[in-house]
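Colleague: Residue numbers (UniProt numbering): 1 to 343. A virtual CB, placed ideally from N, CA and C, is assigned to each residue, including glycine. Below are the structure tokens for one structure; questions will follow.
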Amino acid sequence: MIPLEPFVPLKCVLTVLYAVAILFTVFRFWNRCRTQRLWWDDWVALVPLTGIPILLAILWIVGRPSGVQEIAVPLFWLSAVPFLVVVWASRASLALSIARIFVPGSPKRQIALFLACLCAAIFIAMIVQALVTCIDEGTWAHHAASLPSCQLHRHLNIVCAITDIVMDICLVALPFYALWNVGLPRFQRRLILTLFSASFLTLLSALVYRSMMFSPHVRGPGAPVVISMMSHIEASISVIVCNLLVVVMVFYRKIFRSSLEEDSLASDREKTTRTHYTVERDANGNTVTNGVVSMGTEMGLSYVDVSTTTTTTKDEEGQPSVIRPAHTMKLTSTFDSIYQDLP
Numbered sequence: 001m002i003p004l005e006p007f008v009p010l011k012c013v014l015t016v017l018y019a020v021a022i023l024f025t026v027f028r029f030w031n032r033c034r035t036q037r038l039w040w041d042d043w044v045a046l047v048p049l050t051g052i053p054i055l056l057a058i059l060w061i062v063g064r065p066s067g068v069q070e071i072a073v074p075l076f077w078l079s080a081v082p083f084l085v086v087v088w089a090s091r092a093s094l095a096l097s098i099a100r101i102f103v104p105g106s107p108k109r110q111i112a113l114f115l116a117c118l119c120a121a122i123f124i125a126m127i128v129q130a131l132v133t134c135i136d137e138g139t140w141a142h143h144a145a146s147l148p149s150c151q152l153h154r155h156l157n158i159v160c161a162i163t164d165i166v167m168d169i170c171l172v173a174l175p176f177y178a179l180w181n182v183g184l185p186r187f188q189r190r191l192i193l194t195l196f197s198a199s200f201l202t203l204l205s206a207l208v209y210r211s212m213m214f215s216p217h218v219r220g221p222g223a224p225v226v227i228s229m230m231s232h233i234e235a236s237i238s239v240i241v242c243n244l245l246v247v248v249m250v251f252y253r254k255i256f257r258s259s260l261e262e263d264s265l266a267s268d269r270e271k272t273t274r275t276h277y278t279v280e281r282d283a284n285g286n287t288v289t290n291g292v293v294s295m296g297t298e299m300g301l302s303y304v305d306v307s308t309t310t311t312t313t314k315d316e317e318g319q320p321s322v323i324r325p326a327h328t329m330k331l332t333s334t335f336d337s338i339y340q341d342l343p
């Protein structure tokens, strides 16, 4: 039995976690703007900021039933919808951060983009599910010390729990699978893998939250409040984790700049070079050679597109007389921004 308490210390801890989440998000966006490397993951990372202030307000209301019961149902929706926005937008941003590591067209990039789209689809499905289920007044449970809750059918709760856990497992496993054998200096590779594996914290908080919802031992007048607190822990950790990689790498590069330059030189010696080209003729009979020289790992750290057009004219006897080659070369660097956070 969990007694009814104000849980002020826990609320203070959660407030600090939310403050760290906001700070990380703002710093990440400022840094990406400063370095002119904004991408979709950065914009999506801003979305949780729309829900965190509402969740903070609800956090301090929970446990103070006086004066809020007449607006209890609206407060429930003000808590449930921002929670889903914060959690699933954070997961989508993390999936997009994984996607931007790989060159366009890479199967691993496509998988990460699919996970980001899947996060958006699951979010919409959960909102629709809640609207359909909670329209019936019989699904509402009223608690003395917390907001009322819409009691979803048990199988729907199980589906929600499974989607949370499976998505977090995917966001942990994909970076490990993709980056395990990448030709980066050992310490950098371990650091990046460790930061990506921070998604395990989100997975752990989701497991605890869902376990408490289904556990027959979490009972008593304070149980709804504690379960609500666990949802706040999951939300705040989700935001921190999705921004952690960018924030840590910025400071890591500034602190260990000289050692990174040495590691980069050592890593360059380990890179491989692959060349592929085709020879064709255009409609005018000109010989066109298109080539791609790839240098680096399968992440495609850099590549060169080379196009050579050779124009051949013939004299009166049909012999080649003039050869005018025209060369164009485009060097594209696809270093992921996590390696380029220097001013």
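1. Which runs of the beta strand (DSSP E) spanning at least 3 residues fall entirely within the segment 198-248, listed in chain order?
2. Considering only C-alpha positions, which residue in the set Asp168, Lys254 and Ile233 is nearest to Val20?
3. By DSSP, does Leu38 sit in helix, in strand, or in coil?
4. Please state whether DSSP places Phe76 in a helix, a strand or coil.
5. Would you check if there are 3 or more beta carbon pairs closer than 8 Å linking the segment 246-255 to the segment 100-107?
6. So for Val47, helix, strand or coil by DSSP?
7. Measuring CA to CA, which of Trp40, Ile192, Pro9 and Ala89 is closest to Leu59?
8. Assuming Pro82 and Gly51 make a contact with CB atoms under 8 Å, what is their CB distance in whole Å?
9. Quick check: the Cα distance between His217 and Ala223, rounded to an integer number of angstroms?
10. Provide the residue span of the alpha helix (DSSP H) that contains Pro53, from first to last.
11. How should Val86 be labelled, buried or exposed, when 16 other C-beta atoms within 10 angstroms of its C-beta is the threshold for buried?
12. Alpha carbons only, please: which of Asp42, Val246, Ala130 and Leu113 is nearest the one belonging to Leu174?
13. Between Lys108, Arg37, Met126 and Ala116, which lies nearest to Trp77 when the distance is taken from Cα to Cα?
14. According to DSSP, is Trp180 part of a helix, a strand, or is it coil?
15. Distance check for Leu191 and Ser215, CA to CA, integer angstroms please.
16. For the alpha helix (DSSP H) that contains Ile101, what are its first and last residues?
17. For Leu49, I'd like the list of residues in its chain whose CB is within less than 7 Å of its CB, leaving aside the five on either flank, ordered along the chain.
18. So, is Arg274 buried or exposed, given that buried needs 16 or more other C-beta atoms within 10 angstroms?
19. Since I believe Leu55 is in contact with Ala235 (beta carbons under 8 Å), could you give me their beta-carbon distance rounded to a whole number of angstroms?
20. Taking all protein chains shown into account, decide if Val241 is buried (16 or more other Cβ within 10 angstroms of its Cβ) or exposed.
21. Tell me whether the beta-carbon of Ser198 lies closer than 8 Å to the beta-carbon of Lys108.
22. Please tell me whether Leu244 and Leu195 are closer than 8 Å, where the distance is taken between their beta carbons.
23. Going by other Cβ atoms of all chains shown within 10 Å of its Cβ, with 16 needed for buried, is residue 428 buried or exposed?
24. So, are the CB atoms of Val44 and Ala99 less than 8 Å apart?
25. State yes or no: is the C-beta of Phe27 within less than 8 Å of the C-beta of Val247?
26. Tell me whether Ile165 sits in a helix, a strand or coil according to DSSP, three-state version.
27. Can you tell which of Val226, Leu118, Val132 and Ile169 has its C-alpha closest to the C-alpha of Lys11?
28. Between the C-alpha atoms of Phe200 and Leu96, what's the straight-line distance to the nearest angstrom?
29. What's the gap between the Cα of Ala120 and the Cα of Met167?
30. Where Ile165 and Arg32 are concerned, what is the direct C-alpha to C-alpha distance, given to the nearest angstrom?
31. Less than 8 Å separating the beta-carbons of Ser231 and Tyr209?
32. Which residue's Cα is closest to the Cα of Val250: Ile124, Arg34 and Leu203?
33. Which word fits Ser321, buried or exposed, when buried means at least 16 other C-beta atoms lie within 10 angstroms of its C-beta?
Modeller: Taking the coordinates as given:
1. Complete beta strand (DSSP E) runs here, min 3: none at all.
2. Ile233
3. coil
4. helix
5. no
6. helix
7. Of Trp40, Ile192, Pro9 and Ala89, the residue nearest in Cα terms is Pro9.
8. Yes, Pro82 and Gly51 are in contact; Cβ-Cβ is about 3 Å, under 8 Å.
9. 10 Å
10. Ile52 to Ile61
11. buried
12. Leu113
13. Met126
14. coil
15. 36 Å
16. Note, Ile101: premise wrong, no alpha helix (DSSP H); not H, not E.
17. So the qualifying residues of the chain are Ile22 and Thr25.
18. Per-residue confidence for Arg274 stands at a pLDDT of 46, beneath the threshold of 50, marking its modelled position as unreliable; the derived number appears in the next sentence. With fewer than 16 other Cβ atoms within 10 Å, it is exposed.
19. 6 Å
20. Buried: at least 16 other Cβ atoms inside 10 Å.
21. Before going further, note that residue 198 is Ala rather than Ser in the sequence given. No, Cβ-Cβ distance for Ala198 and Lys108 is not below 8 Å.
22. yes
23. In this structure the chain extends from 1 to 343, so residue 428 is not present and cannot be described.
24. no
25. Yes, the Cβ-Cβ distance between Phe27 and Val247 is below 8 Å.
26. helix
27. Val226
28. 17 Å
29. Straight-line measurement puts the Cα of Met167 at about 12 Å from the Cα of Ala120.
30. 30 Å
31. yes
32. For Val250, the nearest C-alpha among the options comes from Arg34.
33. In this predicted model, Ser321 has a pLDDT of only 49, less than 50, meaning its place in the structure is not dependable; the value taken from the coordinates is given anyway. The residue in question, Ser321, is exposed, as its Cβ has fewer than 16 Cβ neighbours within 10 Å.
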